[in-house]
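>
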Amino acid sequence: MNAPENGGSGSPPPGKARPALIHVVEDDPRDLSLVELLLRREGFTALGFSDAESFLTHAAKEPPDVILLDLLLPGIGGLETLARLNQLQLDAPVILLTGQGTAENAFQAMRLGAYDFIPKPFEAGRLSVSIHNALRTKDLTREVRKLQDELRVQFDFRNLIGVSPAITRVLASIERLAGSDLPVLIQGEAGTGKELVGRTIHYNSRRGEGPFVYLNCGDLRPDLVEAELFGSAGPAGARRPGKWERANGGTLFLDDVNELAPPLQEALLGQLEREKKPGVREVDIRIICAARKDLAQEVEAGRFNPALVNRLAPFRVVMPPLRDRREDIPLLSQRVLAEAATQERRPEKRLSPEATETLQNYRWPGNIRELKNVLRQICSLNNAEIIRTEDLPPSIREAASQRAEAEASEEIPISPIKEVEERLIRQSLAQTGWDVNRSASLLGISRATLYRRLKALQISRENL
1 MNAPENGGSG SPPPGKARPA LIHVVEDDPR DLSLVELLLR REGFTALGFS DAESFLTHAA
61 KEPPDVILLD LLLPGIGGLE TLARLNQLQL DAPVILLTGQ GTAENAFQAM RLGAYDFIPK
121 PFEAGRLSVS IHNALRTKDL TREVRKLQDE LRVQFDFRNL IGVSPAITRV LASIERLAGS
181 DLPVLIQGEA GTGKELVGRT IHYNSRRGEG PFVYLNCGDL RPDLVEAELF GSAGPAGARR
241 PGKWERANGG TLFLDDVNEL APPLQEALLG QLEREKKPGV REVDIRIICA ARKDLAQEVE
301 AGRFNPALVN RLAPFRVVMP PLRDRREDIP LLSQRVLAEA ATQERRPEKR LSPEATETLQ
361 NYRWPGNIRE LKNVLRQICS LNNAEIIRTE DLPPSIREAA SQRAEAEASE EIPISPIKEV
421 EERLIRQSLA QTGWDVNRSA SLLGISRATL YRRLKALQIS RENL
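Note that the working numbering has the sequence shown beginning at 1, numbered continuously upward.
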């Protein structure tokens, strides 16, 4: 092993980037010296090895930025070294150098992950270009991985917040679906979070490092949707790939799939049928669809192809509207306020209890999207730390008040489970020896509520 060139591998001066470290594995001393000289002139740090064993041992301790590897080495050959590098999972492009290369060698090397294959004798410029390209590719790969890591954090299951029974059922479903590769249909009103759920399934699946390709079927004319989905002819006869092909290795998300015109439904079904045939599959994709309307009802109305529904919806997730998630509104609101504070670089605002109750009493026809828009607008226009009821839009205050009054004035009907309720209360009181506090705790209700039920059911110590 030769000593590092260009000042070794020590720390660079403050503010100056460290020169890229290149490992050179070459058993011919003359070739090794020549390559190291070229690297030094390019400003790289070079570390030479005459055999694969010493290189692999050192590379595991001090990973290089790029590896120049001779194909024909004594002992462990170049291709075997490539295979072992894959096991080490070094984040370093490998450029193979050989004087006796064949097309078969090149094919095997590329299959094992080699970045480039350069025959000897090589021109200095050719090697320099390959190294600089490899370093750029490595930087891009790191950026992509960083972005993928950020997306995985952003779309982690834990970011789908809620305690309501309606949303906890959804969360349980999508965790299971992330482990599958079958199509999923997500149904729900506008603004309920269908795309968020689709992305969460994707980024937590085995396809998470592949592309997530989005297409809104309701935003484009039918003829444009087909071109966007399946591609079209470009200028000079060149073909422009569609989103179907661009989703290869990942997920294709079809939003508002219920808006697909019948001819496009037929085209999509035909493509799915072709891909299903053995040996014909052109792309490897998972399809996740979102629909505002119930596709079963659309089929009954004759507006949607039943065979296509069967292909798109072996699994369904029904997103509940926000009006059915009233207990989740405080959590969702605080999340929105925290995000707004971060974006605007302001102190985080809080909702007063009265404002929270008002938000819970509003029906939110626009669902979570409407809630976000309302709170973000308030954050932009209001400097107070606490958001009070009077800070909310008048339309929301009025509608929430009407709903609260309507619910308060409704007569509570005699429950068909009155006998069950009475039996449970009597059992808890008997079990605790008429300890009202402990009985209320066992029943999961407040002490005041238990007293009201005792009075309504005419339960006393005497008739227990």
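Even glycine gets a Cβ: it sits at the ideal position worked out from N, Cα and C.
What is the rounded straight-line gap between the Cα of Phe-55 and the Cα of Glu-275?
As a position in the sequence shown, residue 55 is number 55, starting the count at 1. As a position in the sequence shown, residue 275 is number 275, starting the count at 1. Cα to Cα, the separation comes out at about 45 Å.
> Here's the rule: buried if 16 or more other CB atoms are within 10 angstroms of the residue's CB, otherwise exposed. What is Asn-373?
For this step, residue 373 is matched to residue 373 along the sequence shown. Burial call: exposed.
> Could you work out which residue in Ala-456, Ala-52 and Gly-43 is closest to Leu-27 when comparing CA atoms only?
Along the sequence shown, read from residue 1 onward, the residue named residue 27 stands at position 27. Looking at the sequence itself, residue 27 is Asp, so the reference to Leu does not match. When each option's Cα is compared against that of Asp-27, the closest is Ala-52.
> Confirm, please, whether the CB-CB distance from Asn-367 to Ala-190 is below 8 Å.
Taking the sequence shown and counting its residues from 1, the one referred to as residue 190 is at position 190. Taking the sequence shown and counting its residues from 1, the one referred to as residue 367 is at position 367. It is a contact, given that the beta carbons lie within the stated cut-off.
> What's the C-alpha gap between Val-144 and Leu-331?
Start at 1 with the first residue of the sequence shown, and residue 144 comes out as number 144. Start at 1 with the first residue of the sequence shown, and residue 331 comes out as number 331. Rounded to the nearest angstrom, the two C-alpha atoms are 32 Å apart.
> Could you compute how far the alpha carbon of Arg-423 sits from the alpha carbon of Gly-249?
Counted from its first residue, the sequence shown places residue 423 at position 423. Counted from its first residue, the sequence shown places residue 249 at position 249. If you take the alpha carbons of Arg-423 and Gly-249, they lie about 58 Å apart.
> Which word fits Gln-360, buried or exposed, when buried means at least 16 other C-beta atoms lie within 10 angstroms of its C-beta?
Residue numbering aside, residue 360 sits at position 360 when the sequence shown is read from its first letter. Classification of Gln-360: buried, given that the 10 Å Cβ count is 16 or more.
> Can the beta-carbon of Ala-124 be found less than 8 Å from the beta-carbon of Val-94?
For this step, residue 124 is matched to residue 124 along the sequence shown. For this step, residue 94 is matched to residue 94 along the sequence shown. For Ala-124 and Val-94, no; Cβs fall outside 8 Å.
> Touch check for the stretch 213-223 and the stretch 250-265: three-plus C-beta pairs under 8 Å?
Enough Cβ pairs lie closer than 8 Å, so yes.
> Can you check whether the CB of Ile-118 is closer than 8 Å to the CB of Asp-65?
On the sequence shown, position 65 is the one that residue 65 refers to. On the sequence shown, position 118 is the one that residue 118 refers to. Not closer than 8 Å, so no.
> Keeping to the same chain, check which residues put their C-beta closer than 8 Å to that of Ser-415; ignore five residues upstream and five downstream.
Taking the sequence shown and counting its residues from 1, the one referred to as residue 415 is at position 415. Here Ser-415 scores only 49 on pLDDT, less than 50, and its place in the model is too uncertain to base an answer on.
> According to the neighbour-count rule (16 or more other Cβ atoms, all chains shown, within 10 Å of its Cβ), is Glu-36 buried or exposed?
Here the question's residue 36 lines up with position 36 in the sequence shown. With 16 or more other Cβ atoms within 10 Å, it is buried.
> If we ignore side chains and look at the alpha-carbon of each, how far apart do Ala-355 and Thr-389 end up?
Here residue 355 corresponds to residue number 355 of the sequence shown, with the count starting at 1. Here residue 389 corresponds to residue number 389 of the sequence shown, with the count starting at 1. Spanning the two alpha carbons is a distance of roughly 4 Å.
> At which residues does the beta strand (DSSP E) containing Arg-286 begin and terminate?
Here the question's residue 286 lines up with position 286 in the sequence shown. Where Arg-286 is concerned, the enclosing beta strand (DSSP E) stretches over 286-291.
> Between the stretch 127-146 and the stretch 167-177, can you find at least three pairs of beta-carbon atoms closer than 8 Å?
No, they do not touch.
> What is the C-beta distance between Asp-379 and Leu-337, in whole angstroms, given that I count them as a contact (C-beta under 8 Å)?
Translated into positions along the sequence shown, residue 379 becomes position 379. Translated into positions along the sequence shown, residue 337 becomes position 337. Sequence inspection shows Cys at residue 379; the Asp mentioned does not correspond to that position. Going by Cβ atoms, the distance from Cys-379 to Leu-337 rounds to 7 Å, so yes, they are a contact pair.
> Would you identify the three-state DSSP class for Val-163, choosing helix, strand or coil?
Within the sequence shown, the letter at position 163 stands for residue 163. The answer is coil: DSSP assigns Val-163 none of H, G, I, E or B.
> Would you say Val-213 and Ala-247 are within 8 Å of each other, going by their C-beta atoms?
Mapped onto the sequence shown, residue 213 falls at position 213. Mapped onto the sequence shown, residue 247 falls at position 247. Result yes, Cβ atoms of Val-213 and Ala-247 sit closer than 8 Å.
> What residue ranges within the stretch 27-103 form continuous alpha helix (DSSP H) runs of no fewer than 4 residues, ordered along the chain?
List check, alpha helix (DSSP H) in window: 29-41, 52-61 and 78-88.
> Using a 10 Å radius around the Cβ and a threshold of 16 neighbouring Cβ atoms, would you call Lys-243 buried or exposed?
Here the question's residue 243 lines up with position 243 in the sequence shown. Buried, by the Cβ-count rule.
> Specify the secondary structure class of Val-283 as computed by DSSP and reduced to three states.
As a working mapping, residue 283 is identified with position 283 in the sequence shown. Coil.
> Per DSSP, what kind of secondary structure is Leu-147 in: helix, strand or coil?
Locating residue 147 in the sequence shown gives position 147, counting from the first residue. DSSP places Leu-147 in helix when its eight states are reduced to three.
> Please tell me whether Glu-245 and Val-299 are closer than 8 Å, where the distance is taken between their beta carbons.
The count along the sequence shown starts at 1 and reaches residue 245 at position 245. The count along the sequence shown starts at 1 and reaches residue 299 at position 299. No, the pair does not count as a contact, with Cβ atoms beyond the cut-off.
> Run the CB neighbour count on Pro-263, radius 10 Å, all protein chains shown included, and call it buried at 16 or more, exposed below.
Taking the sequence shown and counting its residues from 1, the one referred to as residue 263 is at position 263. Result: exposed.
> What's the C-alpha gap between Asp-70 and Thr-141?
Walking along the sequence shown from the start, residue 70 turns up at place 70. Walking along the sequence shown from the start, residue 141 turns up at place 141. One C-alpha to the other measures close to 24 Å.
> Name the DSSP beta bridge partners of Pro-119, please?
Translated into the one-based positions of the sequence shown, residue 119 becomes position 119. Partner(s): Thr-98.
> Would you report the Cα separation of Arg-84 and Pro-121, rounded to the nearest angstrom?
Residue 84 sits at position 84 when you count from the first residue of the sequence shown. Residue 121 sits at position 121 when you count from the first residue of the sequence shown. Roughly 26 Å separates the two Cα atoms.
> Give me the Cβ distance between Arg-152 and Gly-208, rounded to the nearest whole Å; I'm assuming they're in contact under 8 Å.
Start at 1 with the first residue of the sequence shown, and residue 152 comes out as number 152. Start at 1 with the first residue of the sequence shown, and residue 208 comes out as number 208. At roughly 6 Å, the Cβ-Cβ gap stays under 8 Å, so Arg-152 and Gly-208 are in contact.
> Alpha carbon to alpha carbon, how far is Ala-448 from Lys-146?
Residue numbering aside, residue 448 sits at position 448 when the sequence shown is read from its first letter. Residue numbering aside, residue 146 sits at position 146 when the sequence shown is read from its first letter. Distance between the alpha carbons of Ala-448 and Lys-146 is about 54 Å.
> If you draw a straight line from the C-alpha of Ile-288 to the C-alpha of Ala-106, how long is it?
Position 288 of the sequence shown, counted from the first residue, corresponds to residue 288. Position 106 of the sequence shown, counted from the first residue, corresponds to residue 106. If you take the alpha carbons of Ile-288 and Ala-106, they lie about 39 Å apart.
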